[in-house]
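Residue numbers (the working numbering): 12 to 286. So the structure is just underneath, and the comments pick up after that.
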């Protein structure tokens, strides 16, 4: 679906620049959730492969010097498609005109960051998409062919997939800087999940650690210009509903007026902003 998202994004970008920019002087960007990635041993650049699949698929066509799909993504999906017996690749090819139309169509890159993983080599099996082995149904994950693992010492949030790894954010920001000639980056989401306690020390720790990581990335030369914490109040979280809390403010769901109650993290964040 990245193909259609990118084509649609480019058309809206050009429409705005041609018809509305002179009046409003606004910016248009694209946002993607990004995992921090590490590898335990040198060689076989698993991190680069993972970053190109998870982020480069959407960002290389826009921010890459040559545009188009990342080379590793194109070669992998084309090769797997051939082994699956397909007449053409599952990854649609851009025309030369589309490559040029998409390239440069963002004034900033939005990054949603929550956690990181270690990259391990995958099984190497090519998906056949058959009933005998449904786990090998063609997918982004099977093409990437990486196994995600964690450090058992990492602190875990209420969400099973979130671990406290702020150094992963610094790595992500520097990867973007080095890969795409240092575009402007907005941190559009970053947060911590817990069970809803008002003395939310885990969120305070996460907030402070990630802001330090961003500051270090800025010192590295990354053009980070904005930070948005997820979230302002406890909210409905996808399939988890109200069982996981991300807010700086608690919402009393038993109160008909849904009273908002300040958490410790809100006071800490207020002081950080003020100072």
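Ideal placement from N, C-alpha and C gives every residue a C-beta, glycine not left out. Here the structure is a predicted model, which means the values were calculated and not measured.
Distance between residue j and residue i (C-alpha atoms, nearest Å)
i, j, result
"residue 27", "residue 115", "14 Å"
"residue 77", "residue 190", "12 Å"
"residue 157", "residue 265", "44 Å"
"residue 75", "residue 159", "26 Å"
"residue 120", "residue 18", "17 Å"
"residue 68", "residue 35", "30 Å"
"residue 92", "residue 99", "7 Å"
"residue 180", "residue 221", "7 Å"
"residue 237", "residue 243", "16 Å"
"residue 72", "residue 79", "4 Å"
"residue 151", "residue 105", "18 Å"
Beta-carbon gap between residue i and residue j smaller than 8 Å
i, j, result
"residue 215", "residue 110", "no"
"residue 83", "residue 101", "no"
"residue 233", "residue 167", "no"
"residue 117", "residue 44", "no"
"residue 240", "residue 193", "no"
"residue 205", "residue 275", "no"
"residue 61", "residue 48", "yes"
"residue 209", "residue 272", "yes"
"residue 149", "residue 14", "no"
Beta-carbon contacts of residue i that lie in its chain and below 7 Å, excluding the five residues immediately before and after
i, result
"residue 235", "184, 196, 198, 225, 228, 229"
"residue 21", "112, 113, 116"
"residue 63", "81, 83, 84"
Cβ neighbours of residue i in the same chain (closer than 8 Å, five flanking residues each side left out)
i, result
"residue 245", "207, 253, 256, 257, 258, 260, 261, 262"
"residue 251", "170"
"residue 277", "259, 260"
"residue 223", "177"
"residue 108", "none"
Rounded distance between the beta-carbons of residue j and residue i, thought under 8 Å
i, j, result
"residue 50", "residue 130", "5 Å"
"residue 30", "residue 46", "So it is not a contact: roughly 37 Å between Cβ atoms."
"residue 132", "residue 57", "7 Å"
Other residues of its chain near residue i: CB distance less than 6 Å, five sequence neighbours each side excluded
i, result
"residue 270", "263"
"residue 42", "121, 199"
Can we say the region 115–134 touches the region 168–175, given the rule of at least three CB pairs closer than 8 Å? Counting Cβ pairs under 8 Å, three or more are found: they touch.
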